[in-house]
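Trainee: Chains as they are written, first to last, in my numbering: chain F, 651 to 943; chain E, 34 to 94.
After the C-alpha cells below, expect a handful of questions from me.
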Amino acid sequence: MFARGAVVALYQPQWGQVRNMATLKDITRRLKSIKNIQKITKSMKMVSAAKYARAERELKPARVYGTGALALYEKAEIKAPEDKKKHLLIGVSSDRGLCGAIHTSIAKTLKNEITNLSNAGKEVMVVGVGDKIRGLLQRTHGNYLLLTFKEVGRRPPSFGDASVIASELLNSGYEFDEGSVIYNRFRSVISYKTDEKPIFSLETVAGSESLSIYDDIDADVLRNYQEFTLANILYYSLKESTTSEQSARMTAMDNASKNASEMIDKLTLTFNRTRQAVITKELIEIISGAAAL
Amino acid sequence: RSLPSLGPAAMVAYWRQAGLSYIRYSQICAQVVRAAMKPQYKAEAERAAMATVKTLKPKKE
C-alpha cells in the first residue's frame, strides 16, 4: 500500500507542470488572434465615426420635425384621461449589436413600463422597431408584441421608413387610447439618454377642452394631423436613435481596441519570458548532457 | 379605421372617402413631385426617400 501511494503521488506533479507552461505556439496563436480582433474593432470604430458624422448632420433638420409635431400637444396641454385602457409602447432601436447599452436600455424601459401599466390594469401592446428589441422581449414578454420591424440601422432612416411604420401601426387594428415612443435621445458624442415622447389618439385630442382655442379645426383636419404627427414623431425618434447608436458603437469599439492592445502588451511580455525560459531549458539540457559524457 | 360618417357639412377630403390615410396620400403626392423633378435632382431625391424597413408580424401560436 505504501509503495502504491508513492507511485500515485509521483504522477500528480507532472500533470500540474504540463498545464502551467503555455507553449510558445499557444501564445503566438493567441497573440495573432487578438491582433486581428484589434484591427477589426479599430476599423469598426472608423466606420462608426463616419456614420455618426453623417447621422448628426441629418439630425439637426430632423429635430425640427419632432419639436414641431409635439408643439401642439405641449401648447394645448393635452393629457390623456386617467381611465383610458389601451396603451401602446413603441421601442425604437436597431438590428445591429456591439453598441454598448443601446438596446438593453430601451428593453429595460419597455419592461418596466409594461409591468407598471399591467399592474394599473391597462392593456398594453408593444411595437419593436429593430430586431434587437424583438430578441430581447420575445422570450419573457412575447405576448405583448404587436409588430416588429427589421432592416433598421443598415442605412440611415428616411421619412419613408417612418411613414411605413406609421401606416402599419394605423392598419394594425389596435385602437390605442394613449401611447409613447421610447428612444435614445442624443445628447453628445459620449452620452445619450433613454427618453419617452407621448402620442395621443384621435379621441383624446378631439375631446381636449383647450382645442377650442384653435380656429378651423374639424374632425377631418384633426385626423390628418394625428396621422402626420405619428409619422413625424417616429421620424424624429429614428433619427435621434441612429445618432446615439453610432456614437455608442464608436465608444464601444474604441474601448475594445484599447483593451485588445492592453492584452497584446501583456501577452508579448509573457511571450518573451516564455521564449527565454525555453532557451534556458535547452541550454541546461545541452550542458547537463555534455557534463554527463 | 372605419369610413368617416358624413355629419352636418362634413368636409371630408376625397382621398379620405376613397379609403386612403393621410400618410398614404402624402406619400403619393411626394412620389408625383419626385417624378416631376429635373433629372439631376431626381436621383438624389429618390435616394433620400427610399424606405428600407420591413414589417414582421409575430406568429400567433
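For every residue, glycine included, the Cβ atom is placed at its ideal position computed from N, Cα and C.
For alanine 941 (chain F), count neighbouring C-beta atoms within 10 Å of its own C-beta (all shown protein chains included) and say buried if the count is 16 or more, exposed if not.
Mentor: Alanine 941 (chain F) is exposed by the Cβ-count criterion.
Trainee: Nearest-angstrom Cα distance between threonine 754 (chain F) and tyrosine 833 (chain F)?
Mentor: Whole-angstrom Cα-Cα distance: 11 Å.
Trainee: On the DSSP letters alone, give me the boundaries of the alpha helix (DSSP H) that proline 806 (chain F) sits inside.
Mentor: From DSSP, proline 806 (chain F) is part of no alpha helix (DSSP H); its letter is neither H nor E.
Trainee: Using CA coordinates, which residue listed in F:Glu895, F:Arg784, F:Lys758, F:Leu795 is at the minimum distance from methionine 775 (chain F)?
Mentor: Here the closest residue by C-alpha is F:Leu795.
Trainee: Measuring straight from C-alpha to C-alpha, what distance separates arginine 669 (chain F) and alanine 751 (chain F)?
Mentor: Residue confidence for arginine 669 (chain F) is low, a pLDDT of 48 falling below 50, so the modelled location carries little weight and cannot support an answer.
Trainee: Can you find a C-beta in chain F that's less than 7 Å from the C-beta of alanine 76 (chain E)?
Mentor: Output row for alanine 76 (chain E): interface = no.
Trainee: Might you give, ordered along the chain, the residues of its own chain that have their beta carbon closer than 6 Å to the beta carbon of glutamate 706 (chain F), omitting 5 neighbours on each side?
Mentor: Closer than 6 Å at the Cβ level, and outside the excluded window around glutamate 706 (chain F), lie Thr893.
Trainee: Does the Cβ of aspartate 676 (chain F) have 16 or more other Cβ atoms within 10 Å, making it buried, or fewer, making it exposed?
Mentor: Answer is exposed; the Cβ neighbour count stays below 16.
Trainee: When the cut-off is 7 Å and only beta carbons count, does lysine 958 (chain F) lie next to chain E?
Mentor: Given a span of 651 to 943 for chain F in the structure shown, any question on residue 958 (chain F) remains unanswerable.
Trainee: For arginine 923 (chain F), count the other beta carbons within 10 Å of its own beta carbon; 16 or more makes it buried, fewer makes it exposed. Which is it?
Mentor: That one is exposed.
Trainee: Who are the neighbours of leucine 797 (chain F) on chain E, taking C-beta pairs under 9 Å?
Mentor: Correct list: Thr88, Leu89, Lys90, Pro91.
Trainee: With DSSP as the reference, please indicate the residues paired to proline 848 (chain F) in a beta bridge.
Mentor: The partner list for proline 848 (chain F) (beta bridge, DSSP) reads F:Ser830.
Trainee: With a threshold of 7 Å on Cβ separation, who are the neighbours of alanine 910 (chain F) within its own chain once the five nearest residues in sequence on each side are excluded?
Mentor: Excluding residues within five positions, the ones whose Cβ falls inside 7 Å are Ile684, Ile687, Gln688, Thr691.
Trainee: Say whether the segment 846 to 862 of chain F touches the segment 873 to 884 of chain F, bearing in mind that this needs 3 or more beta-carbon pairs closer than 8 Å, one atom from each stretch.
Mentor: As far as the Cβ criterion goes, the segment 846 to 862 of chain F touches the segment 873 to 884 of chain F, which means the pair count is three or higher.
Trainee: Between F:Asp904, F:Arg899, F:Ala902, F:Glu859, which has its C-alpha nearest lysine 729 (chain F)'s C-alpha?
Mentor: When only C-alpha atoms are compared, the closest one is F:Glu859.
Trainee: Would you mind working out which of F:Lys695, F:Asn821, F:Leu884 sits nearest alanine 906 (chain F), comparing C-alpha positions?
Mentor: Considering only alpha carbons, the answer is F:Lys695.
Trainee: Under the three-state reduction of DSSP, which class applies to glycine 655 (chain F): helix, strand or coil?
Mentor: Because the pLDDT at glycine 655 (chain F) is just 45, under 50, the model does not fix this residue reliably, and the value given afterwards should be weighed accordingly. Residue state, collapsed to three classes: helix.
Trainee: When you compare only the Cα positions, how much space is there between alanine 927 (chain F) and glycine 741 (chain F)?
Mentor: Distance between the alpha carbons of alanine 927 (chain F) and glycine 741 (chain F) is about 57 Å.
Trainee: Whole angstroms is fine: what's the gap from isoleucine 764 (chain F)'s alpha carbon to lysine 71 (chain E)'s?
Mentor: Each residue's alpha carbon lies about 50 Å from the other.
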